[in-house]
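Engineer:
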Amino acid sequence: MAPTEEQRNGNPVCYVDGEFVPADQATLPLSDLAILRGYAVFDFLRTYNRRPFHLLDHIERMRNSARVIGLTCPWPSEEIESIVYQVLDYNEFVECNLRLLVTGGDSEDSISPGDNPRLIVLASALNPYPRDWYENGVAVITAPSGRDIAAAKSIDYIKAIITLRDARAAGAVESVYVDGNDCVLEGTTSNIFVVAGGMLMTPDESILPGITRKVVLDLAGAEFSPLLTTITRHQLLGAEEVFLTSSNKEVLPVVTVDGAKINKGVPGPITRKIIELFGSYTQNYGA
29 MAPTEEQRNG
39 NPVCYVDGEF
49 VPADQATLPL
59 SDLAILRGYA
69 VFDFLRTYNR
79 RPFHLLDHIE
89 RMRNSARVIG
99 LTCPWPSEEI
109 ESIVYQVLDY
119 NEFVECNLRL
129 LVTGGDSEDS
139 ISPGDNPRLI
149 VLASALNPYP
159 RDWYENGVAV
169 ITAPSGRDIA
179 AAKSIDYIKA
189 IITLRDARAA
199 GAVESVYVDG
209 NDCVLEGTTS
219 NIFVVAGGML
229 MTPDESILPG
239 ITRKVVLDLA
249 GAEFSPLLTT
259 ITRHQLLGAE
269 EVFLTSSNKE
279 VLPVVTVDGA
289 KINKGVPGPI
299 TRKIIELFGS
309 YTQNYGA
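Numbered per my numbering, the sequence shown spans residues 29 to 315.
#1: Let me check understanding here. Comparing Cα to Cα, which of Ser203, Ile239, Glu251 lies closest to Gly226?
#2: Roughly how many whole angstroms lie between the Cα atoms of Gly133 and Ser59?
#3: What alpha helix (DSSP H) runs, 4 residues minimum, are completely inside the stretch 237–282?
#4: Taking 8 Å as the cut-off, decide whether the C-beta atoms of Ile303 and Ala248 are in contact.
#5: Going residue by residue through the stretch 129–175, where are the continuous alpha helix (DSSP H) segments of at least 4 residues, counting only ones entirely within it?
#6: Going along the chain, which residues of its own chain have a beta-carbon closer than 7 Å to the beta-carbon of Ser173, five neighbours each way excluded?
#7: Looking at the secondary structure, which residues open and close the alpha helix (DSSP H) in which Arg91 lies?
#8: Nearest to Ala171 by CA position, among Leu264, Phe306, Val69, is which residue?
#9: Residue ranges of each beta strand (DSSP E) run of no fewer than 3 residues wholly in the stretch 188–214, ordered along the chain?
#10: If you run the structure through DSSP and keep just helix, strand and coil, what is Asp117?
#11: Quick check on DSSP: helix, strand or coil for Ser182?
#12: Would DSSP call Pro297 helix, strand or coil?
#13: Excluding the five sequence neighbours on either side, which residues of its own chain have a C-beta within less than 6 Å of the C-beta of Arg146, listed in chain order?
#14: Please report the straight-line C-alpha distance between Val285 and Ala151, rounded to a whole angstrom.
#15: So, does the CB of Pro156 fall closer than 8 Å to a CB anywhere in chain D?
#16: Is there contact between the stretch 291–301 and the stretch 255–262, where contact requires at least three CB pairs shorter than 8 Å?
#17: Rounded to whole angstroms, what is the Cα-Cα separation between Asp71 and Pro80?
#18: Whole angstroms are fine: how far does the CA of Glu136 sit from the CA of Pro102?
#19: Going by C-alpha to C-alpha distance, which of Ile108, Glu233, Tyr157, Ala315 sits closest to Ser318?
#20: In the DSSP output, which residue or residues are listed as bridge partners for Lys289?
#21: Once the 5 residues before and after Ile239 are set aside, which same chain residues still bring their CB inside 8 Å of it?
#22: Could you tell me the boundaries of the beta strand (DSSP E) in which Ile220 lies?
#23: Consult DSSP for Val122 and reduce its assignment to one of helix, strand or coil.
#24: Quick one: is Ser253 buried, meaning 16 or more other Cβ sit within 10 Å of its Cβ, or exposed?
#25: Rounded C-beta distance between Gly314 and Asn77? I'm assuming under 8 Å.
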């Protein structure tokens, strides 16, 4: 049943376990494993021209995340897609963020998954990052960490929260995970690209492959022949250019890593070209 105007009262409408409800009235049972054990997966995307960006790719990644951790996701992709568009129709955002979640549902012993997962779709207003970030670049730090299960986008973001707190304390906007072999992995909420020796490179192992990352690889393919390879922290610090990709960051130039300047502290030409290519792609998305 659709929420009434009185119920909505200007609040975003979301979908929770079979119902469309105002966000401030949405509930989840305390018995759900998402609350008790952090057992749930999600995916995050935004709209361009009010069209969800690569929605089916995001749904498939969420379904794969569920498979990786043994979580049942019984809804066909087409059904999830339809629910997302209904959520968009109920809301009046010019552009918005969308968050899809599949929770573990209830459990007889409060730890073993049952067969009653819950599907949630949330929408919120898009708040773009400062224009200055894209014109002048940002700082990041590195952290000796990584996802526990790289291929699963789970709701367990304790490591990300802690390392992002450290990044902000250092005046940085992102923390980039580096493994025990000193190999660069990904950011807490982003993928990373490096230009070294004129080559565009990005890590390809022990990471969550981003949808924006995939689009950038496709857009850059003909002109820059991106290389999917191992990148060490030493290579990162000595790189000619660095940028991040994600649904909310899009293509974000990095000009400082752990205090070391990249390209004398300004975004480089390849990064600017990738920003241009991505901007053209999204400007016409869904047209």
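Glycine is no exception: its CB is placed at the ideal position from the N, C-alpha and C atoms.
Structural biologist: Looking at the coordinates:
#1: Glu251
#2: 8 Å
#3: 239–252, 261–265
#4: Taking 8 Å as the Cβ cut-off, Ile303 and Ala248 do not qualify as a contacting pair.
#5: 159–164
#6: Lys187, Thr191, Tyr205
#7: First-last of the alpha helix (DSSP H) with Arg91: 83–96.
#8: Leu264
#9: At a cut-off of 3 residues, the continuous stretches assigned as beta strand (DSSP E) that sit fully inside the stretch 188–214 are 202–206.
#10: Asp117 falls in the helix class under three-state DSSP.
#11: strand
#12: helix
#13: Asp45, Thr131, Gly133
#14: 33 Å
#15: Of the chains in the structure shown, none is chain D; there is only one protein chain.
#16: no
#17: 12 Å
#18: 20 Å
#19: Here the chain covers residues 29 to 315 and nothing more, so residue 318 does not appear.
#20: Thr284
#21: Leu73, Phe81, His82, Asp85, His86, Arg89, Ser275
#22: Ile220: member of the beta strand (DSSP E) spanning 219–224, first to last residue.
#23: coil
#24: exposed
#25: At roughly 5 Å, the Cβ-Cβ gap stays under 8 Å, so Gly314 and Asn77 are in contact.
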